[in-house]
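What follows is a single structure, written as structure tokens, with notes after it.
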Amino acid sequence: MQRRTWVPIATGIVALVFFALPSEEPLRGFLPDWVSLVLIYWTFALPARMMVGMAWSVGLVVDIVSFGLPGAYALSKAVLVYLARVLALRVRTYPLWQQTIVVLGLLGIEALILTLIDFIVSGDLSGLQRWTAVVVGALVWPVVYWILRRARHLARLGH
Amino acid sequence: MNRTRSSAIRGLSLYVLLSAGLITADHYSPVVRQIFQFAAVIGVPVHFLASLPSTVLERMQGKLEPTDQLRRNYAALREHNLILQARLHRFEFLESENIRLRRLLSAVPATAEKVTLAALVAVNPDPKGQAVLINKGSADGVFQGQPVVDAGGIVGQVTRPGMFRSTVSLVTRENQGISVQVARTSLRAVIYGGGRNRPLRVLYLDRNSDIRTGDLLVTSGLAGRYPAGYPVALVTAVERNLSESFMNVAAEPTSYLGSEREVLLLWLPALDQPVASDLLDSEGELVD
Numbered sequence: 031m032q033r034r035t036w037v038p039i040a041t042g043i044v045a046l047v048f049f050a051l052p053s054e055e056p057l058r059g060f061l062p063d064w065v066s067l068v069l070i071y072w073t074f075a076l077p078a079r080m081m082v083g084m085a086w087s088v089g090l091v092v093d094i095v096s097f098g099l100p101g102a103y104a105l106s107k108a109v110l111v112y113l114a115r116v117l118a119l120r121v122r123t124y125p126l127w128q129q130t131i132v133v134l135g136l137l138g139i140e141a142l143i144l145t146l147i148d149f150i151v152s153g154d155l156s157g158l159q160r161w162t163a164v165v166v167g168a169l170v171w172p173v174v175y176w177i178l179r180r181a182r183h184l185a186r187l188g189h
Numbered sequence: 427m428n429r430t431r432s433s434a435i436r437g438l439s440l441y442v443l444l445s446a447g448l449i450t451a452d453h454y455s456p457v458v459r460q461i462f463q464f465a466a467v468i469g470v471p472v473h474f475l476a477s478l479p480s481t482v483l484e485r486m487q488g489k490l491e492p493t494d495q496l497r498r499n500y501a502a503l504r505e506h507n508l509i510l511q512a513r514l515h516r517f518e519f520l521e522s523e524n525i526r527l528r529r530l531l532s533a534v535p536a537t538a539e540k541v542t543l544a545a546l547v548a549v550n551p552d553p554k555g556q557a558v559l560i561n562k563g564s565a566d567g568v569f570q571g572q573p574v575v576d577a578g579g580i581v582g583q584v585t586r587p588g589m590f591r592s593t594v595s596l597v598t599r600e601n602q603g604i605s606v607q608v609a610r611t612s613l614r615a616v617i618y619g620g621g622r623n624r625p626l627r628v629l630y631l632d633r634n635s636d637i638r639t640g641d642l643l644v645t646s647g648l649a650g651r652y653p654a655g656y657p658v659a660l661v662t663a664v665e666r667n668l669s670e671s672f673m674n675v676a677a678e679p680t681s682y683l684g685s686e687r688e689v690l691l692l693w694l695p696a697l698d699q700p701v702a703s704d705l706l707d708s709e710g711e712l713v714d
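So the protein lines, in turn, are chains P and A. According to the numbering used here, the residues represented by the first sequence are 31 to 189, in order. According to the numbering used here, the residues represented by the second sequence are 427 to 714, in order.
Next comes the structure, spelled out in structure tokens:
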């Protein structure tokens, strides 16, 4: 059977487009970081193949696309995938609700890193909506998980 | 197991250092910033895809709008245009008079700015929602710190110019200050952004200063970043507290803050270039 490695890449690109999608004012702060969710999924599914360097490059692309501080998302995504790799084998045996809690923790750590970088560079601690986005991200995790598992079966990528 | 983990940690710390290096380099080196301006090109297809739904929706709305409504809109716009033109004639007269009077005072003539229209890209560049993306970049001569206005007044300034796209920080962005003056009394002050959905604040105004709700704050041009005379905000609340030496003033931005489709980019004549004295030299008798 032929493996389709382009599927994870395609899901990453879709997540990037979702990340850049415009949103109206009341909704804006509550949208989760889709790129992080996709990275977490693929790291849990294929911990041996997801490298920290890959996550770093993805983060750099997010930095460039979002016109943010170059290096900030790269750093946070690298740490995110590193932690997800450490946890991957254990998490795979968890039921979905327990996985959701782990995802909440991972997204929270990423938000903490981004907030710290913001604070060091510009000295403001604003951005409370970043934390609501963390909670929303964990809440949508089951849906993301389900969709990406379908994608993984389609790609015939095993463990 | 232990060895693989320690090597993984070493790998991670390499990337952490790399990121820290990038962040520092971006802060200090203009070359690195230039490289990222070029790299921003890879964002263009992503932004195109992300803005596709809203553009298509808008097109369809234009198609679906009934003809008589379009006709009515057209008539209203025409009327509005006529009124503006009439006002412009008066303005031109006033401008020429103003230049003449300034010459009599041998003062610096008010200089005209170059202006370019830029469209907003329907994309969310900043998760904090304090920036908008425009479809002009350094290829069009956009530079960092460039003032951006719309029909209502100051929108903000360009913070990150890319090759073809740039981000504009809104005036509501936290800790971003603009030097203003009260249009009614020419009292000078500095106004700061308060963050998302929060009013702008005028800080360090003496308790006895003459400022009221409804006062218009316009740019004073003192900091040299924004041209003088553009509206920034309307004062919405003034709170005098006897126990404090400064008062609390809240204000609302007058511009549409990127909810309009188009904004204007301004090019100011460079401040250190003696444009004014050149003009005065040609009018021999005005120069002492």
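Glycine included, C-beta positions come from ideal geometry on N, C-alpha and C.
### Residue-level contact to chain P via CB, D452 (chain A), 9 angstroms cutoff
yes
### Task
Report buried or exposed for S669 (chain A), applying the criterion of at least 16 other Cβ atoms within 10 angstroms of its Cβ.
exposed
### Query
Helix or strand or just coil, what does DSSP make of P38 (chain P)?
helix
### Task
Could you tell me whether the Cβ of A544 (chain A) comes closer than 9 angstroms to any Cβ of chain P?
no
### Query
Quick check: the segment 79 to 88 of chain P against the segment 124 to 136 of chain P, are there 3 or more CB pairs under 8 angstroms?
no
#### Entry: 8 angstroms contact criterion, which G101 (chain P) and S455 (chain A) should meet: CB distance rounded
That belief does not hold up - the Cβ atoms of G101 (chain P) and S455 (chain A) are roughly 13 angstroms apart, past 8 angstroms.
### Query
Looking at F590 (chain A) and I94 (chain P), is the spacing between their C-beta atoms short of 9 angstroms?
no
### Message
Relative to the C-alpha of A663 (chain A), which candidate in A:F672, A:R651, A:E678, A:A654 has its C-alpha closest?
### Response
A:E678
### Message
Which residues of the segment 582 to 595 of chain A have a Cβ closer than 9 angstroms to any Cβ of chain P? Give them in chain order.
### Response
T585, R586, G588, R591, S592, T593
### Message
Applying the 10 Å Cβ sphere with the 16-neighbour rule, what's the burial state of N650 (chain A)?
### Response
Position check: residue 650 (chain A) holds Gly in this sequence, whereas Asn was assumed. Per the 10 Å Cβ criterion, exposed.
### Task
State the CB to CB distance for the pair G138 (chain P) and V174 (chain P), rounded to an integer number of angstroms; the pair is presumed to be in contact (CB under 8 angstroms).
No, G138 (chain P) and V174 (chain P) are not in contact; Cβ-Cβ is about 17 angstroms, not under 8 angstroms.
#### Entry: Close beta carbons around I435 (chain A), own chain, < 7 angstroms, minus the five adjacent residues each side
none
### Task
Starting from the Cα of P625 (chain A), find the closest Cα among A:V581, A:T542, A:T598, A:I637 and give me that residue.
A:T598
### Message
Using only CA atoms, which one of P:V92, P:P172, P:Y124 lies nearest to F48 (chain P)?
### Response
P:V92
### Task
Taking the CB atoms as reference points, tell me whether L694 (chain A) and P657 (chain A) lie closer together than 9 angstroms.
no
### Task
Classify W36 (chain P) as buried or exposed, calling it buried when 16 or more other Cβ atoms lie within 10 Å of its own Cβ.
exposed
### Task
Could you name the residues of the segment 466 to 479 of chain A whose beta carbon sits closer than 8 angstroms to any beta carbon of chain P, in the order they occur along the chain?
A466, I468, G469, V472, H473, L475, A476, S477, P479
### Task
Quickly, what does DSSP pair D576 (chain A) with across the bridge? List them, please.
A:G579
### Task
Please report the residue range of the beta strand (DSSP E) in which A659 (chain A) lies.
657 to 665
### Task
With DSSP as the reference, please indicate the residues paired to Y112 (chain P) in a beta bridge.
Paired residue(s): none; Y112 (chain P) is not in a bridge.
### Query
Rounded to a whole number of angstroms, what is the C-alpha to C-alpha distance between V116 (chain P) and Y630 (chain A)?
52 angstroms
### Task
Go through its chain and collect everything with a Cβ distance to L596 (chain A)'s Cβ below 6 angstroms, but skip five positions before and after it.
Q556, G582, L683
### Query
By the criterion of Cβ-Cβ separation under 8 angstroms, what are the contact partners of V47 (chain P) in chain A?
V472, L475, A476
### Task
Starting from V109 (chain P), find everything on chain A with Cβ-Cβ shorter than 8 angstroms and list it in chain order.
L438, V442
### Message
Could you pull the DSSP bridge partners for Y618 (chain A) from this structure?
### Response
A:G603, A:R627
### Task
Identify the contact partners of L105 (chain P) in chain A, using a Cβ-Cβ distance below 9 angstroms as the criterion.
Y441, V442, L444, S445, A446, L448, I449
### Task
Express the C-alpha separation of V606 (chain A) and W64 (chain P) in angstroms, rounding to a whole number.
40 angstroms
### K540 (chain A) classed as buried or exposed, judged by whether at least 16 other C-beta atoms fall within 10 angstroms
exposed
### Query
Rounded to a whole number of angstroms, what is the C-alpha to C-alpha distance between R638 (chain A) and R586 (chain A)?
36 angstroms
### Query
Quick one: is I525 (chain A) buried, meaning 16 or more other Cβ sit within 10 Å of its Cβ, or exposed?
exposed
### Query
Quick one: does T41 (chain P) have its CB under 9 angstroms from some CB of chain A?
no
### Query
Smallest Cα separation from H183 (chain P): which of P:P52, P:S87, P:L76?
P:L76
### Message
Could you compute how far the alpha carbon of T123 (chain P) sits from the alpha carbon of Y112 (chain P)?
### Response
19 angstroms
### Query
Shortest alpha-carbon distance to Y441 (chain A) belongs to which of P:F60, P:A108, P:S66?
P:A108
### Task
Residues of the segment 120 to 142 of chain P with a CB closer than 9 angstroms to any CB of chain A: list them in chain order, please.
none
### Query
Got a sec, what are the start and stop residues for the alpha helix (DSSP H) N507 (chain A) sits in?
493 to 530
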